[in-house]
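Peer 1: The opening residue of the sequence shown carries number 7 in our numbering; numbering runs sequentially from there.
Got a structure for you, written out below as structure tokens; questions coming shortly.
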Amino acid sequence: MPKVDGVGNVAGSELVRKTTVLPGNSIDKAGKKDNSLPDDITQEILDSSNDTSVSTTPNIIPETIKLDPQVDRKLVEFKEMAETLVGLEQIAGLAEWDLETYMPSTASDTRAMQVKVVNTLSHKLLTSKKMENLLAYLSAEDIIIQLSDIDKMMVKKYKEDFEEAKKIPPRFVQEFSEITTKGYSVWEEAKETKDFSKFVPCLEKIVVLMRQQTEYKGYKGSPYNALLDDYEEGMTTEELDKVFATLKKELVPVIHAIADSGVEIKNDFLRKGFSHAKQMELSKELLEHIGFDLTTGRVDETVHPFCSGLGFNDTRIGTNIPKRDLWSTISSIVHEGGHGLYAQGIAPEIANTRLGDSPSMGIDESQSRLYETQVGMGLPFWIHYLPKLKEKFPKQLEGVEVEDFWKAINIVKPNLIRINSDEVTYQMHVIIRYEIERDLIEGKLEVKDIPKAWNQKMHEYLGIKPKNDAEGAFQDVHWSCGMFGYFPTYTLGNLYAAQIFNTARQEIPDLDITIAEGKVKVLTNWLREKIHKHGDMKTTKEILREVTGEDLNPQYFIDYVRTKYSKIYPGIK
């Protein structure tokens with residue numbers, strides 16, 4: 007599973023497979039070119055796929071179907087190449103994990119080079135003539151019907167990856183790599199000045215390339231659909247526009263009602279000094295409480311929280327531990343734990359294959375947000391866990407009752423910064439970014455006009471305005487890296503989570519009581535059976551339909567918000 011960054015910042019290896027189309031898309035602080043490897047080295051990698059001396063245990067379920075010898079031989083060749091691709095992806099992920107944890111800061115340039123070498127090898131192997139021939143043979147109608155369900159899906163997924171990668175000319179890959187590599191540095195430097203105009207020339211070039219990429223990829227309806235599909239397959243602007251219009255219509259009045267309620271909630275007890283060692287201890291205990299297996303996973307301290315699934319029985323979480331923000335520690339670890347549970351729950355038979363991943367960024371985010379908000383910000387969870395927390399921090403939490411704690415972690419107040427926002431106003435942040443980047447790609451908005459559009463939407467949706475560009479259009483790194491189409495997956499994750507949790511309430515008797523008794527693992531086992539174990543064998547839409555009985559319906563999230571926050575802020579209708 008690619009690295010998933012829980013706080014919403016862009017993680018370096020977050021989309022290793024997605025960027026096989028653009029292999030140089032990782033941030034290279036040295037600003038160097040993504041040079042292709044010599045053909046003879048690439049050929050060694052291709053030839054090594056025929057060498058069975060290293061790995062004698064297949065990672066995919068053994069065939070139970072008697073195949074024609076030629077079909078069987080071709081399938082074995084394909085699986086060996088597929089295993090190499092997965093291995094390369096996992097190596098890149100491991101290198102990125104080390105970058106975030108223990109790597110000396112002086113080694114960043116070397117590490118960027120190493121990751122680009124691995125990604126280049128992956129791209130060459132995926133788009134090789136040998137892979138093309140194998141995919142053509144195995145996907146033929148009379149051949150593919152002979153394969154097992156897993157092998158059919160493997161062929162289907164790699165054929166999609168191959169065709170996608172082949173659409174993009176090598177010269178475009180190089181140009182895109184160079185401009186987005188420089189884009190990060192330009193963004194970083196310009197942000198310090200708080201002057202967006204200094205970033206405009208660079209971002210204009212990136213937007214031109216993004217528009218060009220949509221033409222290479224092809225699309226129906228809006229060109230933005232081609233970019234959105236990279237992160238949330240099958241989602242379109244037509245559907246998003248309807249969903250987001252509903253959210254604006256229903257949530258903006260709620261936000262205004264909360265602002266006018268006059269309710270003041272104290273949360274200063276969450277900002278007292280807390281022992282670093284005890285917070286790390288707490289983080290591991292919380293992970294185990296929700297079902298995360300620390301014998302096949304680990305936790306390390308990092309600047310930005312993230313989760314990396316690096317293969318079967320290897321799931322790694324990075325978490326940040328501020329001294330005076332206990333809730334940040336708790337919410338981050340539970341969020342990343344949700345990602346981690348997804349990775350650990352994928353069936354062993356597919357865990358080390360192309361199918362050993364979630365089908366979209368949105369459904370992956372749904373699991374982290376389900377644990378963080380639906381469970382971790384719910385009253386039942388703290389009925390059980392607050393006494394344990396008070397045992398660990400008796401002085402800081404002296405006199406704090408469970409309802410006080412629950413209200414303190416559910417304060418709603420518009421914030422200029424997306425990653426510091428509550429679960430109600432956060433959705434408006436995502437919608438603002440979506441509307442701006444959609445209009446940029448569709449040619450309805452010029453790059454130089456982004457700050458003006460941003461400030462207008464912030465005032466309209468949240469009733470606040472940035473004092474400078476650093477508080478506004480500068481705050482996210484995504485656009486400097488060419489990650490257009492990513493933002494919507496954050497809100498989609500919240501919507502999926504509410505819809506899935508609603509079904510869990512119906513199918514698990516007395517779920518709130520079960521959680522209040524400390525039995526969160528009952529929910530985890532349900533999610534594992536319904537969602538996690540399938541990996542990428544099913545699409546997000548298929549999962550949602552099979553689990554909840556319907557397509558995406560934002561009303562579940564809206565009802566959740568109204569029901570929950572009307573108990574905290576009287577006056578919400």
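Heads up, the beta-carbon is just placed ideally off N, CA and C, and yes, glycines get one too.
Here the structure is a predicted model, which means the values were calculated and not measured.
Quick check on this structure: which residue in R304, E239, W333 has the alpha carbon closest to the alpha carbon of T321?
Peer 2: Minimum Cα distance to T321 is reached at R304.
Peer 1: Start and end of the alpha helix (DSSP H) containing I336?
Peer 2: 332 to 351 is the extent of the alpha helix (DSSP H) around I336.
Peer 1: With a threshold of 6 Å on Cβ separation, who are the neighbours of T58 within its own chain once the five nearest residues in sequence on each side are excluded?
Peer 2: Only weak support exists for where T58 lies, its pLDDT of 34 falling under 50; the value from the coordinates is given anyway. Cβ neighbours of T58 beyond the five flanking positions: none.
Peer 1: Going by other Cβ atoms of all chains shown within 10 Å of its Cβ, with 16 needed for buried, is G224 buried or exposed?
Peer 2: So G224 ends up on the exposed side.
Peer 1: Counting only the same chain and skipping the five closest in sequence on each side, list residues whose C-beta sits under 6 Å from that of R534.
Peer 2: Correct list, in chain order: G351.
Peer 1: Work out the CA separation of T133 and K172 for me, nearest whole Å.
Peer 2: Roughly 7 Å between the two C-alpha positions.
Peer 1: Short of 7 Å in beta carbon distance, which residues of its chain neighbour A459, apart from the five on each side in sequence? Order them along the chain.
Peer 2: The residues are I442, L451.
Peer 1: Return the CA-CA distance between Y143 and T497, expressed in angstroms with no decimal places.
Peer 2: Answer to the nearest angstrom: the Cα atoms are 40 Å apart.
Peer 1: Which residues does DSSP list as the beta-bridge partners of V305?
Peer 2: DSSP output for V305 lists I323 as bridge partner(s).
Peer 1: Apply the 10 Å Cβ neighbour rule to S111 and answer buried if 16 or more other Cβ atoms are within range, or exposed otherwise.
Peer 2: Its Cβ having fewer than 16 others within 10 Å, S111 is exposed.
Peer 1: Between D542 and R551, is the Cβ-Cβ spacing less than 8 Å?
Peer 2: No, the pair does not count as a contact, with Cβ atoms beyond the cut-off.
Peer 1: Cβ-heavy atom distance between Y230 and the ligand HEM below 7 Å?
Peer 2: This structure simply doesn't include the ligand HEM, nor any ligand for that matter.
Peer 1: Look at the alpha carbon of V365 and the alpha carbon of G99, and state the distance between them as a whole number of angstroms.
Peer 2: Reading off the sequence shown, one finds Pro at residue 365, where the question assumed Val. Computed Cα separation, rounded: 18 Å.
Peer 1: G315 bridges to which residues according to DSSP?
Peer 2: DSSP, once it has assigned bridges, lists T321 as partnering G315.
Peer 1: How far does the alpha helix (DSSP H) with N531 in it reach, from first residue to last?
Peer 2: Counting along the chain, the alpha helix (DSSP H) containing N531 begins and ends at 526 to 536.
Peer 1: When you compare only the Cα positions, how much space is there between F448 and T359?
Peer 2: For the record, residue 448 in the displayed sequence is Glu; it is not Phe. About 37 Å.
Peer 1: Within 10 angstroms of the Cβ of G577, are there 16 or more other Cβ atoms? Answer buried if so, exposed if not.
Peer 2: By the neighbour-count rule (16 or more Cβ atoms within 10 Å), G577 is not buried but exposed.
Peer 1: Taking all protein chains shown into account, do 16 or more other C-beta atoms lie within 10 angstroms of the C-beta of S42, making it buried, or fewer, making it exposed?
Peer 2: Caution applies to S42, whose pLDDT of 40 falls short of 50 and renders its modelled position unreliable; the value that the coordinates give is listed next. By the neighbour-count rule (16 or more Cβ atoms within 10 Å), S42 is buried.
Peer 1: In terms of residue numbering, what span does the alpha helix (DSSP H) encompassing G227 cover?
Peer 2: Element bounds for G227: n/a, residue is neither H nor E.
Peer 1: Suppose you measure from the CA of F312 to the CA of F280; what does that come to, to the nearest Å?
Peer 2: In a straight line, the C-alpha of F312 is about 22 Å away from that of F280.
Peer 1: Determine the DSSP secondary structure at S572, reduced to helix, strand or coil.
Peer 2: Correct three-state label for S572: coil.
Peer 1: Take K413 as the anchor and find which of E244, F493, L153, P386 has the nearest alpha-carbon.
Peer 2: The shortest Cα separation from K413 among E244, F493, L153, P386 belongs to P386.
Peer 1: Roughly how many angstroms lie between the CA atoms of T569 and L253, to the nearest whole one?
Peer 2: Computed Cα separation, rounded: 15 Å.
Peer 1: Which residue's Cα is closest to the Cα of R424: T302, P457, A479?
Peer 2: Among T302, P457, A479, the Cα nearest to that of R424 belongs to A479.
Peer 1: Which of the three DSSP states is assigned to H262 in this structure?
Peer 2: In this structure, H262 counts as helix in the three-state DSSP scheme.
Peer 1: Within a Cβ cutoff of 6 Å, which residues of the same chain sit near K463, ignoring the five residues on either side of it in sequence?
Peer 2: Around K463: I438.
Peer 1: Quick one: what does DSSP say P176 is sitting in, helix, strand or coil?
Peer 2: In this structure, P176 counts as helix in the three-state DSSP scheme.
Peer 1: Is the region 295 to 304 close to the region 317 to 335, with three or more CB pairs under 8 Å?
Peer 2: Judged by Cβ distances under 8 Å, the region 295 to 304 makes contact with the region 317 to 335, as three or more pairs qualify.
Peer 1: Which residues mark the beginning and the end of the alpha helix (DSSP H) in which V123 is found?
Peer 2: 114 to 132 is the extent of the alpha helix (DSSP H) around V123.
Peer 1: Mind reading off the beta-carbon distance from T545 to E239? Whole number of angstroms is fine, and I expect it under 8 Å.
Peer 2: That pair is a contact at about 6 Å.
Peer 1: Can the beta-carbon of F507 be found less than 8 Å from the beta-carbon of V436?
Peer 2: Cβ atoms of F507 and V436: not closer than 8 Å.
Peer 1: Three or more beta-carbon pairs under 8 Å between the region 502 to 520 and the region 471 to 490, yes or no?
Peer 2: Flag = no, the region 502 to 520 and the region 471 to 490 do not touch.
Peer 1: Should G346 be labelled buried (16 or more other beta-carbon atoms within 10 Å of its own) or exposed?
Peer 2: Its Cβ being crowded by 16 or more others within 10 Å, G346 is buried.
Peer 1: Determine, using beta carbons only, whether L94 and S128 come nearer to each other than 8 Å.
Peer 2: Yes. Within cutoff.
Peer 1: Are the beta-carbon atoms belonging to G491 and Y190 less than 8 Å from one another?
Peer 2: Going by C-beta atoms, G491 is not nearer than 8 Å to Y190.
Peer 1: Here's the rule I'm using: 16 or more other beta-carbon atoms within 10 Å means buried, otherwise exposed. How should A118 be labelled?
Peer 2: The residue is buried, with at least 16 neighbouring Cβ atoms inside 10 Å.
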